[in-house]
Amino acid sequence: MEFRNDAPRYDAVARALHWTVAALVLLQIAGGLVLEELPRRTALRSFAFDAHESVGVLVIALLALRIAWRATHAAPVDRLAGWHAVAARAAHVALYVLMVAVPLAGYAMVDAKGYDVAVFGFAGPDLLATDEALAKRLAALHERLAWALVALVAVHVAAAAWHRIVLRDDVLARMLPPRGHAA
Ligand code: HEM
1 MEFRNDAPRY
11 DAVARALHWT
21 VAALVLLQIA
31 GGLVLEELPR
41 RTALRSFAFD
51 AHESVGVLVI
61 ALLALRIAWR
71 ATHAAPVDRL
81 AGWHAVAARA
91 AHVALYVLMV
101 AVPLAGYAMV
111 DAKGYDVAVF
121 GFAGPDLLAT
131 DEALAKRLAA
141 LHERLAWALV
151 ALVAVHVAAA
161 AWHRIVLRDD
171 VLARMLPPRG
181 HAA
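Residues in the sequence shown are numbered consecutively from 1, following my numbering.
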């Protein structure tokens, strides 16, 4: 069931989840770019890999929550029309698909390599048999999907900036907290 939502902005839970997941995804992208460059067999490298895997699993969990919340709590009434509305909707759906697919491919890659997936000091469930060839394909998939996500995030942020700076409409405000009566 979806609740009516005539408010001018996303509700507090949707906003909190958007910005928390956005920060974690940006952290994961930055981390993913440096991981392979870190010196081998050092404590720093193993910490960085463990952190990247743990945060990846956290992102999957938060996304499950976010998608469940979104499915039961409507977004604010859409004031965009025509191709703008279609493009925004398509971009948001694609962002959700990639945000889920990238960490899932990463998890499967580590699992297929035969390693335990680090989850904040614990081992994640072992779901796949060790398979080097599969692990290689999953590594390529994880990387390609991550680059697609980077490109889409860049478009998404540019669109938000365009709405705020050029069109001067309320699209960005929909994802920000209310500013009080004086605003
Ligand atoms: C500076 C960074 C960001 C800004 C300024 C921003 C801004 C926004 C705004 C204004 C909306 C609401 C659009 C509308 O009302 O139609 C939105 C929605 C959304 N954003 Fe972002 N965003 C940022 C980063 C990210 C990142 C990194 C991701 C994911 C990787 C992301 C994923 C999404 C998704 C999936 C929605 C759709 C929400 C829904 O209706 O379910 N955003 N963002």
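Glycine included, each C-beta is placed from N, C-alpha and C at the ideal position.
Subject >> Burial state of G114 (16 or more Cβ within 10 Å) >> reply: Position 114 of the sequence shown holds residue 114. Result: exposed.
Original post:
Do the CB positions of R164 and L172 come within less than 8 Å of each other?
Top reply: Within the sequence shown, the letter at position 164 stands for residue 164. Within the sequence shown, the letter at position 172 stands for residue 172. Closer than 8 Å, so yes.
Original post:
Apart from the five residues just before and just after V110, which ones in its own chain have a Cβ nearer than 7 Å to its Cβ?
Top reply: Start at 1 with the first residue of the sequence shown, and residue 110 comes out as number 110. Cβ neighbours of V110 beyond the five flanking positions: E53, V117.
Original post:
Ordered along the chain, which non-local residues of its own chain (more than five positions away) have a Cβ less than 7 Å from that of A105?
Top reply: Walking along the sequence shown from the start, residue 105 turns up at place 105. Around A105: L138, L141, H142, L145.
Original post:
Cβ of F49 within 8 Å of Cβ of L35?
Top reply: Here residue 49 refers to the residue found at position 49 of the sequence shown. Here residue 35 refers to the residue found at position 35 of the sequence shown. Yes, these two residues count as a Cβ contact at 8 Å.
Subject >> Any non-hydrogen atom of the ligand HEM closer than 7 Å to A148 Cβ >> reply: By one-based count along the sequence shown, residue 148 stands at place 148. For the ligand HEM, not one heavy atom lies less than 7 Å from the Cβ of A148.
**OP:** Would you check if the distance between the CB atom of G124 and the CB atom of Y107 is smaller than 8 Å?
**Re:** Here residue 124 is taken as the residue at index 124 of the sequence shown, counted from 1. Here residue 107 is taken as the residue at index 107 of the sequence shown, counted from 1. A contact, by the Cβ cut-off of 8 Å.
**OP:** Classify L98 as buried or exposed, calling it buried when 16 or more other Cβ atoms lie within 10 Å of its own Cβ.
**Re:** Reading the sequence shown from its first residue, position 98 is the one you call residue 98. So L98 ends up on the buried side.
Original post:
What three-state label does DSSP hand A87 in the structure shown?
Top reply: On the sequence shown, residue 87 is found 87 positions in, with the first residue counted as 1. Three-state result, A87: helix.
Subject >> Backbone CA spacing between R4 and L38 [nearest angstrom] >> reply: Translated into the one-based positions of the sequence shown, residue 4 becomes position 4. Translated into the one-based positions of the sequence shown, residue 38 becomes position 38. The predicted position of R4 is uncertain, since its pLDDT is 45 and thus under 50; no value can be drawn from it.
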